[in-house]
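Undergrad: Starting off with a structure, shown below.
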Ligand code: DGJ
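Set out below in structure tokens:
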């Protein structure tokens with residue numbers, strides 16, 4: 025088949041001088057300069073620190089001076105790195121847009137700019153300076169019958185997000201391989217920081233040199249993955265929380281995807297990301313389009329600032345959660361599959377008495393689901409375990425003043441289930457004869473089949489209609505393998521991901537106010553795509569506070585604390601076997617959306633008293649925690665980690681000092697509090713809940729602070745010279761609160 029080609033309006037890549045636009049977009053200390061010279065595809069000569077006001081001449085100079093010298097033994101013109109890098113521009117790294125037609129053509133598009141709009145208005149001026157908004161660039165390759173729309177949004181937080189839509193304007197199908205958008209980073213960004221992980225150890229940081237070649241983080245799990253790159257950063261050597269410069273990208277998508285950092289042999293460096301499509305998965309018929317997920321891009325003077333941009337963006341969304349995140353009790357680690365009404369009601373009584381505000385019944389309430397081998401996919405209350413339905417529990421919970429939440433895993437089935445027996449064709453698999461290898465004894469329901477989608481939607485809606493359910497814990501416990509529609513063998517992950525999002529939206533639309541938690545074997549679905557449809561993530565199935573110190577620290581590189589489920593579990597961790605004090609468990613969980621996941625019937629009176637105090641403290645501090653700026657303190661190799669939040673006006677702060685290991689041979693770094701107002705005076709109070717931390721050996725200032733309701737010091741001193749650190753045994757911690765002194769600023773010394 026030969027595609028019928030529409031006539032070209034312009035000779036491809038011939039300069040169109042009246043189509044030169046240079047756009048400077050500034051937001052919150054970040055500048056992005058867009059260069060469309062002579063109608064070529066857009067390039068970004070600068071993305072990074074704010075360049076200040078630029079005149080038309082300045083803007084020309086920025087664009088022109090970014091053009092590299094043409095190197096020897098390469099193409100005869102300077103290579104131009106587009107947002108969609110292309111061979112037509114001399115780029116020999118990874119291309120941005122690839123695909124093909126049945127005759128093999130179409131794999132190397134030559135796009136030129138046709139038109140640009142800024143906030144919906146056609147752009148006519150050659151030089152434009154603007155703030156946050158939306159730039160849409162329409163591109164076309166007429167001979168190859170492709171049209172592309174690139175959207176760039178510099179957001180109020182200084183975050184930039186970019187995505188592309190490709191449309192097949194020809195008359196033969198266009199099989200899309202990849203639409204990956206790329207952003208340039210400067211030569212000094214010579215170090216990479218991204219994340220790895222596995223079940224119960226999500227978001228483990230890894231640093232490496234940014235050298236020639238591609239650092240490619242591909243994910244073909246059909247979910248974000250416990251090992252996702254999370255945010256792929258390039259930074260100046262040794263970039264820390266508050267020093268150095270860093271550029272980072274995150275793809276807002278929960279299906280197969282890739283993040284990459286690439287340096288070509290002449291030194292040019294990019295960060296890029298896009299959905300990873302399987303062969304034949306997206307074939308565009310004439311006039312059909314595909315839109316890529318948003319690639320979010322952050323720049324920061326240090327990792328904290330880069331994180332703040334994500335946090336501020338997420339907090340600015342209309343549907344963002346309130347700061348009164350309810351204290352949650354999840355019954356999973358308390359009872360697992362042992363659903364006994366009396367026991368669960370007793371747990372509810374104990375929870376309510378402590379001040380818990382939301383009670384979540386986890387896996388095991390439906391169908392034949394008495395363990396994880398059976399019943400998944402049958403969203404009907406088990407008559408065997410719940411002869412009177414869920415009302416006896418739900419009414420009890422709501423009468424106690426708590427909201428009720430229920431666990432679902434809408435995308436999954438056990439082969440041993442009513443639904444899988446009735447509709448084996450609704451399972452994702454390579455063909456109608458075979459199924460993929462099981463994982464946690466389960467398979468994936470093909471939500472791209474309308475009947476399957478409606479079935480699961482209606483079963484869930486029936487429960488939401490019947491019962492007072494304000495919250496869904498939406499789980500997803502396996503990777504997708506050989507994920508195809510069985511009847512055709514066609515890969516389905518792309519559509520499946522969108523169908524899961526659609527189902528979330530439809531449930532929420534039918535039940536306004538319904539919250540959804542995104543969980544996937546713990547924290548294998550943490551991304552800004554799923555967070556457009558959900559209200560928090562479950563960070564990890566590992567609630568061991570030592571492990572959580574690490575995982576929460578880095579999950580917050582993307583998410584503000586209120587979106588991170590953070591529980592206090594029993595003294596001995598179920599996933600690691602380690603024992604921890606309640607104090608260490610409490611102060612670790614405090615910096616997140618607090619929950620309890622512990623059989624409270626096994627807790628001693630002393631533990632319950634302390635737990636009550638942690639819950640009370642969380643309620644007192646949640647406004648600060650969920651509006652404040654996260655501060656992670658650079659302390660070199662110190663095994664005492666320090667982090668906290670500062671209120672936006674810098675009037676209040678709450679910090680934690682956590683010993684994540686035994687002290688080695690070096691002295692602890694002093695305690696410093698970056699970000700305070702240097703001109704203000706602050707009262708600093710150590711805050712100890714429950715048992716005094718083991719091995720607390722306090723310096724003199726600390727002892728005085730405990731005797732005198734804190735010590736008062738200038739912000740500049742606290743930020744710069746700091747205070748001697750207390751000694752702590754490993755896996756112990758302390759809290760420190762800061763309050764700006766108003767009026768009388770005389771220090772009790
Ligand atoms: C995995 C989740 O992460 C757990 O919290 C729990 O909900 C189980 N699934 C239930 O099967």
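Numbering (my numbering), first residue to last: 25 to 773.
Positions of the beta carbon are idealized from the N, C-alpha and C atoms, including for glycine.
(1) Mapping DSSP to helix, strand and coil, what is residue 175?
(2) Given that a residue counts as buried once 16 or more other Cβ atoms are within 10 Å of its Cβ, and exposed if not, what is residue 257?
(3) Which runs of the alpha helix (DSSP H) fall wholly inside the region 503-584 and span at least 4 residues, in chain order?
(4) How many angstroms separate the CA atom of residue 754 from the CA atom of residue 87?
(5) Compare the C-alpha of residue 372 against each of 630, 355 and 279 and name the closest.
(6) Could you tell me the boundaries of the beta strand (DSSP E) in which residue 484 lies?
(7) Could you check where the alpha helix (DSSP H) with residue 390 kicks off and where it finishes?
(8) Quick check on residue 745: buried or exposed, where buried means 16 or more other Cβ atoms within 10 Å of its Cβ?
(9) Below 6 Å CB to CB, which residues in the same chain sit around residue 63 once its five sequence neighbours on both sides are set aside?
(10) Quick check: the region 391-398 against the region 491-498, are there 3 or more CB pairs under 8 Å?
(11) Measure the alpha-carbon distance for residue 622 versus residue 255 and round it to whole angstroms.
(12) Helix, strand or coil: which one does DSSP assign to residue 756?
(13) Can you tell me whether DSSP reads residue 274 as helix, strand or coil?
(14) Work out the CA separation of residue 567 and residue 117 for me, nearest whole Å.
(15) Looking at residue 202: is its Cβ nearer than 9 Å to the Cβ of residue 301?
(16) So the candidates are 413, 391, 473 and 427; which of them puts its Cα closest to the Cα of residue 776?
(17) Does the region 382-390 come close enough to the region 400-409 that 3 or more CB-CB pairs lie under 8 Å?
(18) Near residue 762, what residues of its chain come up, given a Cβ to Cβ distance below 6 Å and the 5 sequence neighbours on each side ignored?
(19) Just mark residue 92 as buried or exposed, buried being the case when its beta carbon has 16 or more other beta carbons within 10 Å.
(20) Would you list the residues whose beta-carbon is nearer than 6 Å to any heavy atom of the ligand DGJ, in the order they occur in the chain?
(21) Could you pull the start and end residues of the alpha helix (DSSP H) that residue 639 belongs to?
(22) What does the alpha-carbon distance come out to for the pair residue 519 and residue 481?
(23) Let's see if you can read the secondary structure: which residues bound the alpha helix (DSSP H) around residue 458?
(24) What separation, rounded to the nearest whole angstrom, lies between the Cα atoms of residue 475 and residue 594?
(25) Could you check whether residue 246 and residue 468 sit closer than 9 Å to each other, using their CB atoms as the reference points?
(26) With a threshold of 7 Å on Cβ separation, who are the neighbours of residue 459 within its own chain once the five nearest residues in sequence on each side are excluded?
(27) What's the gap between the Cα of residue 724 and the Cα of residue 681?
(28) For a test of the three-state rule: what should DSSP assign to residue 90, helix, strand or coil?
(29) Below 8 Å, can you find three or more Cβ-Cβ pairs linking the region 233-247 to the region 161-179?
(30) Thinking residue 5 and residue 684 are a contact (beta carbons under 8 Å), I'd like their distance in whole angstroms, please.
(31) Kindly indicate which residue of 226, 263, 65 and 483 has the alpha-carbon position closest to the one of residue 443.
(32) As a quick exercise: from 722, 319, 286 and 60, pick the residue whose alpha carbon is nearest that of residue 238.
(33) In the DSSP output, what is residue 116 paired with across the bridge?
(34) Are the beta-carbon atoms of residue 47 and residue 105 separated by less than 9 Å?
TA: Let me spell this out:
(1) strand
(2) buried
(3) 517-534 and 569-579
(4) 53 Å
(5) 355
(6) First-last for residue 484: 474-490, but that is the alpha helix (DSSP H), not the beta strand (DSSP E).
(7) Careful: residue 390 lies outside any alpha helix (DSSP H) and carries neither H nor E.
(8) exposed
(9) 40, 43, 136 and 137
(10) no
(11) 32 Å
(12) coil
(13) strand
(14) 42 Å
(15) yes
(16) There is no way to answer for residue 776, as the model of the chain reaches only from 25 to 773.
(17) yes
(18) 677, 706 and 708
(19) exposed
(20) 356, 386, 387, 431, 499, 501, 543, 545, 546, 562 and 565
(21) 629-651
(22) 16 Å
(23) No alpha helix (DSSP H) holds residue 458; DSSP gives it neither H nor E.
(24) 42 Å
(25) yes
(26) 451, 453 and 467
(27) 17 Å
(28) coil
(29) no
(30) Any question about residue 5 goes unanswered here, given that the chain covers just 25 to 773.
(31) 483
(32) 286
(33) Residue 116 pairs with nothing; no bridge assigned.
(34) no
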